[in-house]
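In the numbering used here, the protein residues as written are 629 to 957.
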């Protein structure tokens, strides 16, 4: 496993990170712990979770994933870079969500209890809360860093202009600034190349990407028609979201073409898809996931796979239209 600095910080993170959003619903605790053990053995030291996980759950299941990670963590805390997130809905009251001072402070304390630790390395806003003044959010996060409960702060699912605004306000007010962004990025979703990645380069931000396999569509195992049972495309409260993202005839046609191209070069499509993400010099870490430990072999192999330049150029060309989102549909 190789390691990168997280943006312009001095923090080293493994090129591959483990995403935990299936732990506790799609993946039981015994299997989840086996997955964590397997990736740690492989040198994956970046563990990413969130207070609202497991994905696809309800208010009855929020926090379950952090609890699983927290029961696995004792004796390993100094071996991992631990990242979690807040903003999502954690209870029935209107103040139990968002990026207000009240919710962020309460949410972090609850995450620390579930994770069985007294600090997190990277605390991220899971999404943008436009209803809360950005100065209030930045002040709250700055207080958490100064209290020693958080080492670094980042964002996920932010538009470039909102992130730029937040960085400017932090600099103006001498508050702790965001050091990373966590966007969706894959061969089937390249929109961040237009604005977010150039902003991250200019501002020295680390980039931690999720969904590098497009929710599993780039595994090539799905067939167009009724969504495959037992996958994210049929999983509880997120099934509709994942179907809207990827379950379209155009995407299936692209995957078929990518599969043929990978076969031409003698490379597994799963490994090639993640290696393509890692080949972007702006990417610090790509989050991989699994519902069973044996699924990790192809994804872990991507850490050392170097794509033939001609192969990468053809991957770029074949998926160029995905840089422009809905504009091409």
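Think of the CB as a built atom: it goes at the ideal place given N, C-alpha and C, for glycine as much as any other residue.
- Here residue 836 is not near residue 828, since their CB atoms are 7 Å or more apart.
- Closest in alpha carbon position to residue 717, among 707, 745, 912, 685, is 685.
- Taking all protein chains shown into account, residue 649 has 16 or more neighbouring C-beta atoms within 10 Å of its C-beta and is therefore buried.
- CA-CA distance, residue 759 to residue 714, rounds to 15 Å.
- Spanning the alpha carbons of residue 946 and residue 897 requires a straight line of approximately 14 Å.
- Nearest to residue 793 by alpha-carbon distance, out of 772, 762, 774, 822, is 762.
- Per the coordinates, the alpha-carbon of residue 681 lies some 12 Å from the alpha-carbon of residue 865.
- For residue 913, there is no enclosing alpha helix (DSSP H); the enclosing beta strand (DSSP E) covers residues 913-916.
- If you compare the alpha carbons of 731, 787, 881, 868 with that of residue 816, the shortest gap goes to 881.
- For residue 823, the closest of 699, 786, 702 by C-alpha to C-alpha distance is 786.
- Non-local C-beta neighbours of residue 663 in its own chain, meaning closer than 6 Å and more than five positions away in sequence, comprise 918, 921, ordered along the chain.
- The alpha-carbon of residue 832 is positioned some 43 Å away from that of residue 853.
- In the DSSP assignment, residue 880 falls within the alpha helix (DSSP H) that extends over 877-892.
- Scanning its chain for C-beta atoms nearer than 6 Å, with the 5 sequence neighbours on each side dropped, one finds around residue 903 the residues 930, 933, 935, in chain order.
- Residue 915 is positioned such that its CB atom lies no closer than 7 Å to that of residue 813.
- Apart from sequence neighbours up to five positions away, the residues of its chain that approach residue 805 with a beta-carbon distance below 7 Å are 795, 798, 799, ordered along the chain.
- Minimum Cα-Cα distance from residue 749 among the listed residues 634, 870, 941 corresponds to 634.
- Excluding five sequence positions before and after residue 782, the CB atoms of its chain that fall closer than 7 Å to its own CB belong to 750, 752, 806, 807, 808, 809, 810, given in chain order.
- Across the set 952, 703, 720, 766, the C-alpha of 703 shows the shortest separation from the C-alpha of residue 743.
- Pairing residue 848 with residue 883 gives a Cβ-Cβ distance under 7 Å.
- Per DSSP, the continuous beta strand (DSSP E) segment holding residue 835 begins and ends at 834-837.
- Nearest Cα to residue 727 within the set 708, 706, 767: 767.
- One alpha carbon belongs to residue 928, the other to residue 840, and they sit about 13 Å apart.
- The beta-carbon separation of residue 677 and residue 712, rounded to 5 Å, stays under the 8 Å limit for a contact.
- If you draw a straight line from the Cα of residue 949 to the Cα of residue 842, it comes to about 15 Å.
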